[in-house]
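Residues in the sequence shown are numbered from 1 upward in steps of one, following UniProt numbering. Built from N, CA and C at the ideal position, the CB exists for glycine as well.
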Amino acid sequence: MVAIKNELDTVQQVKEEIEELREYVDRLELQSHRRKLRLLEQGLTFFLSYTILASMLGMLQFGYNTGVINAPEGNIEKFIKDVFEDRYKENMDHGQAELLYSFAVSIFAIGGMLGGFSGGIIANRFGRKGGLLLNSFVGIGGACLMGLTKYFNSYEVLFIGRFIIGVNCGLNTSLVPMYISEIAPLNLRGGLGTVNQLAVTTGLLISQILGIEQILGTDEGWPLLLGLAICPAILQLILLPVCPESPRYLLITKQWEEEARKALRRLRATNQIEEDIEEMRAEERAQQSEATISMMELVCSPTLRQPLIISVVMQLSQQLSGINAVFYYSTSLFITAGLAENVAKFVTIGIGVIMVNMTLVTMPLMDKTGRRTLHLYGLGGMFIFSIFITISLLITEMIDWMSYLAVVSILGFVVFFAVGPGSIPWMITAELFSQGPRPAAMSIAVLINWVANFAVGIGFQPLKTALDNYTFLPFSVLLAIFWIFTYKKVPETKNKTFEEILALFRQNGRSMLNYSNALDEHLPPSERASLMVAEEKPLPDSSPVQHSPTDPEVCAVCVNTGSSLMMTSPNVTRRSSHTLSNHVCQMD
């Protein structure tokens, strides 16, 4: 009888625990749902727009200096020969001049590697806004040296200037996406993240237009063309001081809550900022064990290794897609396709116009269609048009009108780059990490981006010589690989808080998509969101029990849902039964 009574008491206790658990989940779901709805209703304010504009000047600087060196190639080589003759009283052959010009081009990427790798350190030490302000002085120094190259009559000054402006651009590619992702409202983060690529393409277009012979692409005008890089740096130095520092940096990294509140009030359309503060606190709680970590700790962390791999592959999908081959050698590609040289130069400018317009088109789609979907569309379209480019180059000599197919294919290639790979890698790296590891992750990802940029820049001409009309086939293979990787491994971050994204990678040793699919299979969307966030603290007098994912007596579905419920809910024991919507856990 005593045993039966004990069993009845146990059953009653389990029923009470189930009821408490249901009430707790309901409250958690309601709080999370209401707060997220308010976060999704935030709009674009004047001051937020101003801050975005001031910060995106750094990416415009990157785009301008990527393209500005191409148009005056012949003028710069002539200057190098003249300086060599004046200095050594002997002629320099054309091959040596080409080599030194190539060094002037490639040293920019070497500086970018250094700047990109230093971005995380600068962001943690001086803040996002503070780092951009300091970087403006670096940009001014590099631009001045490039502009005064002829005054000093030294091509070494040009090399040093290009290296310094490369450091500036490398820091910009690390700091600007990080800053924008942290100040943007949840529902606008994708669209505002696209302004990075919009600024890059605008800078490229400006450099292409100013570089034509009728404007500054002359023997006398090219130093001014390069020196105009001082304009974005000075303008940013003027505009940035009135912008707020990143509220996430202030609250999570520096623990300055009042300053974070002041920054949010300036950036948001309302003084009701508690939802933002709570969302940041949830992210802070989720990553307390990570804190601010080094790059080595980031690489060695099992939880963070998968988002890091995704970030690196996304950056490679941008640079190894073949787009820089088009940017650097578009004029020669069009000439190879059968266009006259003067026509080819203006079609190259047309590429810049298309890039800007397509980036504008994708801005509203980023928060509607989603990052992952657009990236898949972009990679798929680039793959198809890379095949068309190869076919058209192969048979242009036999069929005259195939030159038009080559031009259309190159333009289509650029259009689909703007749809996905152009902008998404910059923003998704910042989105995949919480506040602690984000700077280190950005540094590694941006470094990889610049290394790949450098490799394509110096390797495309030898590749073109070796493969001739089959030059784009290696890029086709890489695009197919990147598409498969994106489809299988990359999560959708649209309308997800940083803490929700972090929850996707909490399960060590499990595929992120398997985890996400487990959520979809066992829980409806409303409960999935509340379980993933799990922000509310345990009720008073409760003792949350943390379960090990390896414990065979723990419900497998609950483990698959990140154990968020078990780790935060009161009175849940290892052997208790619990019910979640259509999932019923029966522990022995």
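Check: Can you name the start and end residues of the alpha helix (DSSP H) that residue 596 belongs to?; Outcome: Residue coverage of the chain in this structure runs from 1 to 588, which leaves residue 596 outside it and unanswerable.
Check: Would you give the residue range spanned by the alpha helix (DSSP H) that D86 belongs to?; Outcome: E73 to Y88
Check: Are the beta-carbon atoms of E492 and G370 separated by less than 8 Å?; Outcome: yes
Check: From which residue to which residue does the alpha helix (DSSP H) around M92 run?; Outcome: Unbroken run through M92: none, as it is neither H nor E.
Check: Measuring alpha carbon to alpha carbon, tell me which of G338, I349, S106 and L502 ends up nearest L158.; Outcome: S106
Check: Touch check for the stretch 3–19 and the stretch 81–97: three-plus C-beta pairs under 8 Å?; Outcome: no
Check: Find out if the Cβ-Cβ distance for the pair M314, P425 is shorter than 8 Å.; Outcome: yes
Check: How many angstroms separate the CA atom of I52 from the CA atom of L132?; Outcome: 12 Å
Check: Is P185 helix, strand or coil when you go by DSSP?; Outcome: coil
Check: Counting C-beta neighbours from all protein chains within 10 Å, is the total for G459 16 or more, i.e. buried, or is it exposed?; Outcome: exposed
Check: Evaluate T390 with the Cβ neighbour count: other Cβ atoms within 10 Å of its Cβ, from every protein chain shown; 16 or more gives buried, anything less gives exposed.; Outcome: buried
Check: Please confirm if the stretch 398–418 is in contact with the stretch 215–234, defined as three or more CB-CB distances below 8 Å between the two stretches.; Outcome: no
Check: Suppose the cutoff is 6 Å on Cβ atoms and the five residues either side in sequence are ignored; what does the same chain contact list for S403 look like?; Outcome: A337, G338 and T396
Check: For the putative contact between G170 and G112, defined by C-beta atoms under 8 Å, what is the C-beta separation to the nearest angstrom?; Outcome: 4 Å
Check: Just the Cα atoms here: how many angstroms apart are N268 and G193?; Outcome: Before going on, a small fix: residue 268 reads as Arg here, not Asn. Computed Cα separation, rounded: 17 Å.
Check: Would F475 and S321 be called neighbours here (beta carbons separated by less than 8 Å)?; Outcome: yes
Check: Between V195 and G63, is the Cβ-Cβ spacing less than 8 Å?; Outcome: no
Check: Pop quiz: S55 and Y179 are said to be a contact at Cβ under 8 Å. What is the actual Cβ separation, rounded to whole angstroms?; Outcome: 5 Å
Check: Throw me the rounded Cβ distance for the T359 and L374 pair, which I believe falls under 8 Å.; Outcome: Wrong, their Cβ atoms sit about 12 Å apart, outside the cutoff.
Check: Is it a yes or a no for the stretch 141–161 touching the stretch 239–257, going by three-plus beta-carbon pairs under 8 Å?; Outcome: no
Check: Can you name, in chain order, every residue of its own chain whose Cβ lies under 7 Å from the Cβ of I448, other than the five neighbours on each side?; Outcome: V312, Q315 and L316
Check: Ends of the alpha helix (DSSP H) at W256?; Outcome: From DSSP, W256 is part of no alpha helix (DSSP H); its letter is neither H nor E.
Check: Apart from the five residues just before and just after P421, which ones in its own chain have a Cβ nearer than 6 Å to its Cβ?; Outcome: S317, Q318, S321 and G378
Check: Just how far apart, CA to CA, sit T10 and E20?; Outcome: 15 Å
Check: Tell whether a beta-carbon distance below 8 Å holds between S174 and S434.; Outcome: no
Check: By the DSSP assignment, the alpha helix (DSSP H) with K489 in it spans what residues?; Outcome: L473 to K489
Check: In this structure, does DSSP put Q546 in helix, strand or coil?; Outcome: Legend: pLDDT at Q546 = 42, less than 50; position of this residue unreliable, value from coordinates given subsequently. Correct three-state label for Q546: coil.
Check: According to DSSP, is F505 part of a helix, a strand, or is it coil?; Outcome: coil
Check: Can you grab the Cα-Cα spacing for the pair T149 / L57, in whole Å?; Outcome: 24 Å
Check: In terms of residue numbering, what span does the alpha helix (DSSP H) encompassing T303 cover?; Outcome: P302 to Q319
Check: Buried or exposed for S294, going by 16 or more other Cβ atoms inside 10 Å?; Outcome: exposed
Check: Alpha carbon to alpha carbon, how far is P364 from L463?; Outcome: 38 Å
Check: Report the residue ranges of all beta strand (DSSP E) runs contained in full by the stretch 130–158; include only those spanning at least 3 residues, in chain order.; Outcome: none
Check: What does the Cβ neighbour count give for N357, buried or exposed, with the cut at 16 atoms within 10 Å?; Outcome: exposed
Check: Mark R241 as exposed unless 16 or more other C-beta atoms lie within 10 angstroms of its C-beta, in which case mark it buried.; Outcome: Reading the sequence as shown, one finds Pro at residue 241 and not Arg. By the 10 Å Cβ count, P241 comes out exposed.
Check: Which residues in the same chain have their Cβ closer than 6 Å to the Cβ of R372, if we skip the five residues on either side of it in sequence?; Outcome: V490 and E492
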